[in-house]
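Enquirer: According to this note's numbering, the sequence shown holds residues 121 to 862 in order. C-beta atoms are modelled at their ideal positions from N, C-alpha and C, and glycine is treated no differently. Sharing a structure below in structure tokens format, with a few things to ask.
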Amino acid sequence: MRRSFRRLSSGRGKAGAYTSSLCCLVLAVALVTPGAFSCGDSSSGKEKEPGADGGIAPADPRFAVRLDTPEQFARLQGEQWAVKYLARVDGREPPEPLDRDCTFQDTAAYPVHLDFLRTFPVFETLDFEAYLAMVMKRASRVWWGGELRLFTGVRHPRTGLSGVIGLFVYSDGNEPLETEELVEVHRRIEGCLPYARGSLVLVGSDTEQAVLFREQADVLAAYGISVADHADLAPEVAAEAYSEGDAYGYLYIVPRGTPLRSGIGRRDLLIIEGASDPIGIVAGLVTALPQNVNSHLNLRLREKGIPNARISDVFEDQAVMALAGRLARLRVQADTAALEPANLIDAEASWRLRVPPIVLPPPDLDQTSLAPVAFLSAADAAAYGGKAANLGELNRVLPEENRVAGFGVPFSRYREWMQENGLAGRVAELLSDPRVDQDARYRRAALEALRDAIEAAEVPASFVSELAAMAETVFGPESMTMPVKFRSSSNLEDGARLSGAGLHDSARGCFADDLDGDAAGPSACLSDAERGALSAELERRRAELEVFPGRTWLVEIVKDLAADLTKERTVARALKKVYASLWNDRAFEERAYFGIDQQTALMGIQVNASFVLEKVDAVAVTNLSDADGGEPYTRLVSQVGGHGVVRPPDPTVTAETLTFRRAPDGTVTEVQVLISSSLSPSPIWSATRLEELAQLLLLSQDHFQAEVYPDIEPLQMDFEIKVTDDGRVAIKQARPYVSALP
121 MRRSFRRLSS GRGKAGAYTS SLCCLVLAVA LVTPGAFSCG DSSSGKEKEP
171 GADGGIAPAD PRFAVRLDTP EQFARLQGEQ WAVKYLARVD GREPPEPLDR
221 DCTFQDTAAY PVHLDFLRTF PVFETLDFEA YLAMVMKRAS RVWWGGELRL
271 FTGVRHPRTG LSGVIGLFVY SDGNEPLETE ELVEVHRRIE GCLPYARGSL
321 VLVGSDTEQA VLFREQADVL AAYGISVADH ADLAPEVAAE AYSEGDAYGY
371 LYIVPRGTPL RSGIGRRDLL IIEGASDPIG IVAGLVTALP QNVNSHLNLR
421 LREKGIPNAR ISDVFEDQAV MALAGRLARL RVQADTAALE PANLIDAEAS
471 WRLRVPPIVL PPPDLDQTSL APVAFLSAAD AAAYGGKAAN LGELNRVLPE
521 ENRVAGFGVP FSRYREWMQE NGLAGRVAEL LSDPRVDQDA RYRRAALEAL
571 RDAIEAAEVP ASFVSELAAM AETVFGPESM TMPVKFRSSS NLEDGARLSG
621 AGLHDSARGC FADDLDGDAA GPSACLSDAE RGALSAELER RRAELEVFPG
671 RTWLVEIVKD LAADLTKERT VARALKKVYA SLWNDRAFEE RAYFGIDQQT
721 ALMGIQVNAS FVLEKVDAVA VTNLSDADGG EPYTRLVSQV GGHGVVRPPD
771 PTVTAETLTF RRAPDGTVTE VQVLISSSLS PSPIWSATRL EELAQLLLLS
821 QDHFQAEVYP DIEPLQMDFE IKVTDDGRVA IKQARPYVSA LP
């Protein structure tokens with residue numbers, strides 16, 4: 121049954137007279153200064169003057185009377201992302217300075233109305249019963265009281281806007297709120313919250329009130345008021361999950377078109393337009409743009425069970441945008457994500473449980489020789505690192521045309537070089553400084569200074585000559601003018617418990633640049649064909665940046681392309697770049713996350729021929745399992761040309777993702793292209809070429825299962841693949857696919 125309107129706000133007739141006298145009676149008993157305000161008949165109140173916060177407001181940090189932006193709302197939020205309000209009742213006149221249309225209290229400082237009110241002299245002795253009379257009781261009510269609460273990931277039932285603000289109105293259970301009263305409080309709040317007029321929904325504070333609001337929903341809709349149940353406000357939204365998990369952190373929102381800055385830490389839930397490899401350890405990640413599922417970043421987050429998802433309209437969610445810096449909980453499941461308010465007690469309990477200390481195996485520092493990877497095996501990881509050792513294992517099992525030749529530089533050479541340059545002492549000094557642990561900004565500056573010192577140190581000519589001699593042995597006489605890649609092979613990478621994906625840097629080198637006696641570019645290893653391809657790409661990217669200046673990642677792409685065309689790429693520089701990257705922010709944070717002693721960090725190097733003008737870059741993960749327990753499958757993520765998959769520099773470029781299974785006879789079956797490449801109009805892998813790759817992957821998988829990691833069951837392997845400029849399929853890296861997920 122619909123409730124009829126009753127005029128309670130005019131103050132006229134017997135009801136009005138009774139209301140006025142009871143109001144004054146209650147306040148005379150409750151207040152120290154009973155004459156501080158009138159309970160008269162004014163329906164509009166005294167004239168107000170514009171204030172400092174964009175509306176009618178005094179300059180008082182305890183409250184605001186108007187909220188024009190999500191940032192103003194966020195400043196006042198308390199737990200549950202709520203802002204408590206008091207709104208003047210028509211025909212009543214509360215005392216100054218709370219006599220404005222709306223009073224939004226600093227809910228973080230004053231979680232309840234009573235604590236807030238008692239900060240004003242006129243209410244110093246206000247007790248709970250008197251508060252109830254002023255807010256809950258119809259006869260004596262001078263304020264509408266309640267709270268505004270953010271609900272992320274919910275679309276407004278009328279306007280369709282993403283992110284809603286729930287309007288909760290307190291009332292006495294014996295005096296249910298009538299439609300006219302709800303219209304009044306809604307309009308009052310809407311007038312004081314102009315930026316969110318299309319986001320307000322009326323929500324019942326308890327079960328009885330929710331039922332009452334549902335009964336009045338049709339009548340309220342005629343006034344432009346939407347009603348929602350708590351069930352309608354469940355914060356789950358459709359999402360593309362890259363890493364499932366449940367985590368707490370403070371929301372760190374990077375606006376669209378804004379580059380990622382330093383300062384992101386393990387207790388930040390990062391919301392950013394597109395993912396990039398420099399992102400270190402975070403509590404959770406949400407992007408608006410798609411991510412490459414097998415990128416280094418995704419591997420790092422997945423192995424720790426850190427939630428990571430794409431929510432395409434996250435920046436359109438006004439509720440989310442009002443939450444910068446707030447404590448939240450992010451839950452990501454297979455195809456949904458939920459962002460919820462959190463309290464510090466639960467967050468701290470979760471943080472304590474997420475610290476899985478790891479002790480690195482002891483290194484072998486007796487090995488000092490450079491060694492061809494053809495002579496290395498898994499047992500040599502203690503001296504040369506897992507990357508170089510596993511490349512040796514690949515070369516033992518793959519056909520010759522599918523191998524990647526190279527050599528390893530052992531940990532002992534890093535330690536020796538650091539000691540000779542006085543850099544080992546500098547590392548020890550940095551690690552003993554308590555400010556490194558206590559001050560994130562200081563730590564970043566100290567690590568940057570250490571990296572600069574490493575890159576400025578001298579590399580003895582004898583060391584470069586030794587590297588050149590080994591390169592000639594492995595690659596042949598053309599090695600002096602052949603670009604080579606120096607890749608990190610630290611004691612934190614490519615192991616059974618840690619992948620270390622993307623923590624460190626690789627760098628290109630050219631021995632002829634070290635020997636030409638000058639620092640003038642371009643590199644002597646830059647061929648005419650590569651120069652032409654780089655020049656065309658640079659021109660295309662500059663034009664794209666001019667049209668889309670908001671694509672901030674293009675600035676770095678343009679800078680790198682210009683440098684590749686104009687600068688030398690000495691081997692000494694490449695060596696130091698990789699050594700310095702042991703002290704990247706993200707590598708340091710990774711070791712800290714796992715409780716690894718920073719003093720035990722060592723850098724080995726794998727040197728191989730640099731792939732130039734390659735046709736395809738790809739990553740495959742083998743032996744994956746379906747949720748329904750079906751036969752294991754392989755996921756292959758690929759991109760054409762020189763566009764990387766593991767460290768994609770352009771978040772707008774989508775890689776091809778396909779899956780296939782292994783039939784009982786060993787052939788490929790059930791091939792499914794899940795996502796097409798944005799750069800290729802047709803599938804990247806033909807049936808014949810995919811069959812070739814599959815056999816190589818399955819051969820390698822079986823070898824690592826039987827000979828290298830027999831104790832890991834089931835063993836899933838992560839392989840990096842190239843299709844070279846001459847059409848060969850080459851597998852350049854193998855490591856266990858480490859995951860915190862089943």
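What do you get for Lys679, buried or exposed, if any count of 16 or more other CB atoms within 10 angstroms of its CB means buried?
Expert: Within the sequence shown, the letter at position 559 stands for residue 679. With fewer than 16 Cβ atoms within 10 Å of its Cβ, Lys679 is classed as exposed.
Enquirer: In three-state DSSP terms, what is Gly165?
Expert: Counting from one through the sequence shown, the residue named residue 165 turns up at place 45. Only weak support exists for where Gly165 lies, its pLDDT of 36 falling under 50; the value from the coordinates is given anyway. Three-state DSSP puts Gly165 in coil, outside helix and strand.
Enquirer: Please report the Cβ distance between Ile384 and Gly400, rounded to the nearest whole angstrom; I am assuming they are in contact, meaning their Cβ atoms lie under 8 angstroms.
Expert: Mapped onto the sequence shown, residue 384 falls at position 264. Mapped onto the sequence shown, residue 400 falls at position 280. At roughly 7 angstroms, the Cβ-Cβ gap stays under 8 angstroms, so Ile384 and Gly400 are in contact.
Enquirer: Between the C-alpha atoms of Ile431 and Thr378, what's the straight-line distance to the nearest angstrom?
Expert: Taking the first residue of the sequence shown as position 1, residue 431 is located at position 311. Taking the first residue of the sequence shown as position 1, residue 378 is located at position 258. In a straight line, the C-alpha of Ile431 is about 18 angstroms away from that of Thr378.
Enquirer: Asp648 to Asp845, Cα distance in whole Å?
Expert: Working through the sequence shown from its first residue, we reach residue 648 at position 528. Working through the sequence shown from its first residue, we reach residue 845 at position 725. Near 14 angstroms, if we compare the C-alpha coordinates of Asp845 and Asp648.
Enquirer: Tyr699 lies in the alpha helix (DSSP H); which residues open and close that run?
Expert: Here the question's residue 699 lines up with position 579 in the sequence shown. From DSSP, the alpha helix (DSSP H) with Tyr699 extends over Val691 to Ala700.
Enquirer: According to DSSP, what are the bridge partners of Phe183?
Expert: The sequence position of residue 183 within the sequence shown is 63, counting from 1. For Phe183, which the question treats as bridged, DSSP gives the partners Gln225.
Enquirer: What are the start and end residues of the beta strand (DSSP E) that includes Ala640?
Expert: Along the sequence shown, one-based indexing puts residue 640 at 520. No beta strand (DSSP E) holds Ala640; DSSP gives it neither H nor E.
Enquirer: Rounding to the nearest angstrom, what Cα-Cα distance links Leu810 and Arg848 in this structure?
Expert: For the purposes of this step, residue 810 is identified with residue 690 of the sequence shown, where counting begins at 1. For the purposes of this step, residue 848 is identified with residue 728 of the sequence shown, where counting begins at 1. Those two C-alpha atoms are separated by around 12 angstroms.
Enquirer: Would you list, in sequence order, the uninterrupted beta strand (DSSP E) runs of no fewer than 3 residues that lie entirely inside the segment 197-277?
Expert: 202-208, 222-225 and 263-275
Enquirer: Under a Cβ-count criterion, where at least 16 other Cβ atoms within 10 Å of its own Cβ denotes burial, should Ala850 be classed as buried or exposed?
Expert: As a first step, residue 850 must be located in the sequence shown, where it is residue number 730. Per the 10 Å Cβ criterion, buried.
Enquirer: With DSSP as the reference, label Val305 as helix, strand or coil.
Expert: By one-based count along the sequence shown, residue 305 stands at place 185. Secondary structure of Val305 (DSSP, three-state): helix.
Enquirer: Does any C-beta atom of chain D lie closer than 7 angstroms to the C-beta of Glu549?
Expert: Any reference to chain D falls outside this structure, which holds one protein chain only.
Enquirer: Within its chain, find whatever has a CB closer than 6 angstroms to the CB of Ala544; leave out the 5 residues flanking it on each side and keep chain order.
Expert: Taking the first residue of the sequence shown as 1, we reach residue 544 at position 424. Taken in chain order, the residues that qualify are Met538.
Enquirer: Quick test of your reading: Thr742 and Thr779, contact by CB under 8 angstroms. State the CB separation rounded to the nearest angstrom.
Expert: For the purposes of this step, residue 742 is taken as the residue at position 622 of the sequence shown. For the purposes of this step, residue 779 is taken as the residue at position 659 of the sequence shown. About 11 angstroms; that fails the 8 angstroms criterion.
Enquirer: Would Trp264 pass as a contact of Pro214 if the rule is Cβ separation under 7 angstroms?
Expert: In the sequence shown, the residue the question calls residue 264 occupies position 144. In the sequence shown, the residue the question calls residue 214 occupies position 94. No, they are not a contact pair.
Enquirer: With 16 as the cutoff for other CB atoms within 10 Å, does Ile345 come out buried or exposed?
Expert: Position 225 of the sequence shown, counted from the first residue, corresponds to residue 345. Buried.
Enquirer: Determine the DSSP secondary structure at Ser608, reduced to helix, strand or coil.
Expert: Indexing the sequence shown from 1 puts residue 608 at position 488. Looking at Ser608 - three-state DSSP - the assignment turns out to be strand.
Enquirer: On the DSSP bridge assignment, give the partners of Pro856 in chain order.
Expert: The count along the sequence shown starts at 1 and reaches residue 856 at position 736. Pro856 pairs with Met837.
Enquirer: May I ask you to report which of helix, strand or coil DSSP gives Phe527?
Expert: Walking along the sequence shown from the start, residue 527 turns up at place 407. Phe527: strand per DSSP, three-state reduction.
Enquirer: Are there three or more Cβ pairs, one per stretch, closer than 8 angstroms when the segment 615-630 is compared with the segment 413-427?
Expert: Touching, yes, given that three or more Cβ pairs across the two stretches are closer than 8 angstroms.
Enquirer: Hey, would you say His350 sits closer than 7 angstroms to Ser319, going by beta carbons?
Expert: For the purposes of this step, residue 350 is identified with residue 230 of the sequence shown, where counting begins at 1. For the purposes of this step, residue 319 is identified with residue 199 of the sequence shown, where counting begins at 1. The answer is no: Cβ separation not under 7 angstroms.
Enquirer: Sorted by chain position, which residues of the same chain lie with C-beta nearer than 6 angstroms to Val735's C-beta, five sequence neighbours on each side aside?
Expert: The count along the sequence shown starts at 1 and reaches residue 735 at position 615. Sequence inspection shows Lys at residue 735; the Val mentioned does not correspond to that position. Val843, listed in sequence order.
Enquirer: My output table needs one value for Gln329: the three-state DSSP class, helix, strand or coil.
Expert: As a working mapping, residue 329 is identified with position 209 in the sequence shown. Helix, per DSSP.
Enquirer: Does DSSP classify Asp553 as helix, strand or coil?
Expert: As a working mapping, residue 553 is identified with position 433 in the sequence shown. Asp553 falls in the coil class under three-state DSSP.
Enquirer: Rounded to whole angstroms, what's the CA-CA distance from Leu473 to Gly365? Just pull it up for me.
Expert: As a position in the sequence shown, residue 473 is number 353, starting the count at 1. As a position in the sequence shown, residue 365 is number 245, starting the count at 1. Their backbone Cα atoms lie some 14 angstroms apart in a straight line.
Enquirer: State the CB to CB distance for the pair Ile426 and Ala403, rounded to an integer number of angstroms; the pair is presumed to be in contact (CB under 8 angstroms).
Expert: Here the question's residue 426 lines up with position 306 in the sequence shown. Here the question's residue 403 lines up with position 283 in the sequence shown. So it is a contact: roughly 7 angstroms between Cβ atoms.
Enquirer: Pairing CB atoms from the segment 808-828 with CB atoms from the segment 432-451, are three or more of them under 8 angstroms?
Expert: Taking 8 angstroms as the limit for Cβ pairs, the verdict is that the segment 432-451 does not touch the segment 808-828.
Enquirer: Taking only the alpha-carbon atoms, compute the straight-line gap between Asp865 and Gln759 and give it to the nearest angstrom.
Expert: There is simply no residue 865 to check, as the chain begins at 121 and stops at 862 in what is shown.
Enquirer: Measuring only the C-alpha atoms, how far is Gln718 from Ser730?
Expert: Your numbering for residue 718 matches position 598 in the sequence shown. Your numbering for residue 730 matches position 610 in the sequence shown. Roughly 31 angstroms between the two C-alpha positions.
Enquirer: Could you check what DSSP says for Asn522 in three-state terms: helix, strand or coil?
Expert: Here residue 522 refers to the residue found at position 402 of the sequence shown. Three-state result, Asn522: helix.
Enquirer: Give the single residue among Glu191, Arg546, Gly505 and Leu587 whose Cα lies nearest to the Cα of Pro483.
Expert: Here residue 483 corresponds to residue number 363 of the sequence shown, with the count starting at 1. Ranked by Cα distance from Pro483, the first of Glu191, Arg546, Gly505 and Leu587 is Gly505.
Enquirer: Given a cut-off of 7 angstroms on the beta-carbon distance, is the pair Asn428 and Tyr362 in contact?
Expert: Against the sequence shown, residue 428 aligns to sequence position 308. Against the sequence shown, residue 362 aligns to sequence position 242. Contact: yes.
Enquirer: Can you list, in chain order, the residues of its chain whose CB lies under 7 angstroms from that of Asp455, leaving out five sequence neighbours each side?
Expert: Position 335 of the sequence shown, counting from 1, holds the residue named residue 455. Around Asp455: Ala358, Ala359 and Ala361.
Enquirer: Short check: CB of Phe224 to CB of Ala184, under 7 angstroms?
Expert: In the sequence shown, residue 224 corresponds to position 104, counting from 1. In the sequence shown, residue 184 corresponds to position 64, counting from 1. Judged by their CB atoms, Phe224 and Ala184 are nearer to each other than the 7 angstroms cut-off.
Enquirer: At the level of alpha carbons, what is the spacing between Leu340 and Arg208?
Expert: Residue mapping note: residue 340 aligns to position 220 of the sequence shown, counting from 1. Residue mapping note: residue 208 aligns to position 88 of the sequence shown, counting from 1. Cα to Cα, the separation comes out at about 21 angstroms.
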